[in-house]
Structures are given as C-alpha cells and as structure tokens.
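Taking it in order: structure first as structure tokens, then the write-up.
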Amino acid sequence: MAVPIPASHMRLLTDPIIAHLATLLPDGRPQVNPVWCDYDGTYVRVNAADDRQKTRNMRRRGFATVFLADGPYFWMEIRGRVIHSTAEGAMDHMHRMAKKYTGRETYTPIRAGEVRVMFTIEPERVVTFGH
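Residue numbers (this note's numbering): 11 to 141.
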C-alpha cells in the first residue's frame, strides 16, 4: 500500500522541480540522475529512454528513490518499489512532462528512434524536511 505524500510537500511534485532519481547499479553502488517526474495521486512516475542504465537498474532491482528539493531547507525523499514499467503511453507521458517542465506542447526526443519507458513507483517511505 502506497504511503501518502504530505500536503505540506505536494508542490515539490506538482511544480516543475527537477527530481533526483537514485537507483542501484549491478554492483550495488547507487546511481543518481536528474529526472522529470509527476504524481498521479498515489504513485510517482518517471520516464527514461529504454537503453539507459537507470532503466536497466529499475527493471532489474525494482527499487528507486526520488529526491526533490526547493532550496536546502525544503525537501522530500520518496523511497519506493517500481511496480510497473511500460513503453505504452510513455511518449504521451513525456509530452505532458515537457509541458510541465518547459512549457512546450511536445517532447522532442534527444536521439532519433528513442524509445521511452514510463516507470511507476509506489511510495513506501516518505521523509520530509521544512515547512
């Protein structure tokens, strides 16, 4: 069962704040990448190109942490389990994220033929700081 996101920190997910996604490499070391993310009211969603290391990490290990901060004294860490991944609808998701983060109506892939994957993360633990 997903842990709810506190109302006090919801704007970190609804505003265009860059998140930092932590995943585990094959040798157990962490990898952290800046990502766009959103929240559907229960789950955090991130999107990645199919051939990226973070994609392989989430598929193979099934855990991720999303960290969002608006300055050093207002932040939220969301630790969770990757419960779903799909390429279906992932580009539409990226278009919505492009609107949120850049104001543009569409996402322009970085590479020709880029395949996107949307990951759904179920929050299991949420740690917040600040008011």
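C-beta atoms are modelled at their ideal positions from N, C-alpha and C, and glycine is treated no differently.
Just so we're clear, the structure is a prediction, and the values are computed from it rather than from any experiment.
Next item on the list: Taking 8 Å as the threshold, find out whether the segment 61-69 comes into contact with the segment 28-35 through three or more Cβ pairs.
Entry: The answer is yes - the segment 28-35 touches the segment 61-69, with three or more Cβ pairs under 8 Å.
Check: Do Y83 and F139 have their CB atoms nearer than 8 Å?
Finding: yes
Notebook entry, point to check: Closest to I93 by CA distance: which of W85, V56 and T116 is it?
Noted result: V56
Checklist line | Of the listed residues A79, I88, D37 and T118, nearest to A12 (C-alpha basis) | finding: From the listed residues A79, I88, D37 and T118, the smallest Cα separation to A12 is found for I88.
Next item on the list: Write down the C-beta distance between V54 and V76 rounded to the nearest angstrom, noting that I regard them as a contact closer than 8 Å.
Entry: 5 Å
Check: Just how far apart, CA to CA, sit E98 and M104?
Finding: 12 Å
Next item on the list: Report the option in H19, Q63 and A58 whose CA atom is closest to the CA atom of D37.
Entry: Just measuring C-alpha positions, the residue of H19, Q63 and A58 sitting nearest D37 is Q63.
Checklist line | R21, buried or exposed, once every other Cβ within 10 Å from all chains shown has been counted against 16 | finding: exposed
Check: If you drop the 5 nearest sequence neighbours on each side, which residues of the same chain put their C-beta closer than 6 Å to that of W85?
Finding: So the qualifying residues of the chain are A79 and F139.
Note to self: For I120, count the other beta carbons within 10 Å of its own beta carbon; 16 or more makes it buried, fewer makes it exposed. Which is it?
What the structure shows: exposed
Checklist line | Three-state secondary structure (DSSP) of H94 | finding: strand
Next item on the list: Would you mind stating whether W46 and M101 have Cβ atoms separated by less than 8 Å?
Entry: no
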